[in-house]
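Residues -23 to -1, 1 to 93 in mature numbering (1 follows the signal peptide of the UniProt record, and there is no 0) are what the sequence shown lists, from first letter to last.
Report on one structure; see the data block that follows.
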Amino acid sequence: MTRISLAILGAATALVLSGPAGAQSFDCANASKPDEKAICDSRQLANLDVKNATLYEVARNLVAMGQRGDLQDGEQAFLKKRAACGSSVSCIASAYQANIASIQSVLDRIYKNGPY
């Protein structure tokens, strides 16, 4: 891995691990949907939400312009899948884990081939 890749990986990891509890990607005071309320009520889901949001932002800033649309489309599909889970913690967790794996594969390709 190059130094740049290690720096990016380190920054993403630090952001994921340093976030305070309850630092979801949305304001829990405005949570109105069952999936959002479940995330606000579950530390496990809140942590997955922060990890997902952080990795998504890192990937969005690193992918080539032509790939950003695909990444955004994938995130929108994920949000619909998450919403379809309602308040099921296990379903929401599975949706997050699948989306995080998808984003991680994008980042792995960038680490391997680089945008640089």
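Built from N, CA and C at the ideal position, the CB exists for glycine as well.
- Non-local beta-carbon contacts of F55 in its own chain, meaning distances under 7 Å to residues more than five positions away in sequence, involve A72, N76 in chain order.
- Short of 7 Å from the beta carbon of G51, and not among the five residues preceding or following it, lie these beta carbons of its own chain, in chain order: S79.
- Between A30 and V66, the CB-CB gap reaches or exceeds 8 Å.
- Judged by DSSP in its simplified three-state form, K10 adopts coil rather than helix or strand.
- In the three-state DSSP reduction, G43 falls in the helix class (H, G or I).
- Q1 sits buried, since 16 or more C-beta atoms from the chains shown fall within 10 Å of its C-beta.
- Non-local C-beta neighbours of L84 in its own chain, meaning closer than 6 Å and more than five positions away in sequence, comprise A36, ordered along the chain.
- Taking the C-beta atoms as reference points, D12 is found nearer than 8 Å to R59.
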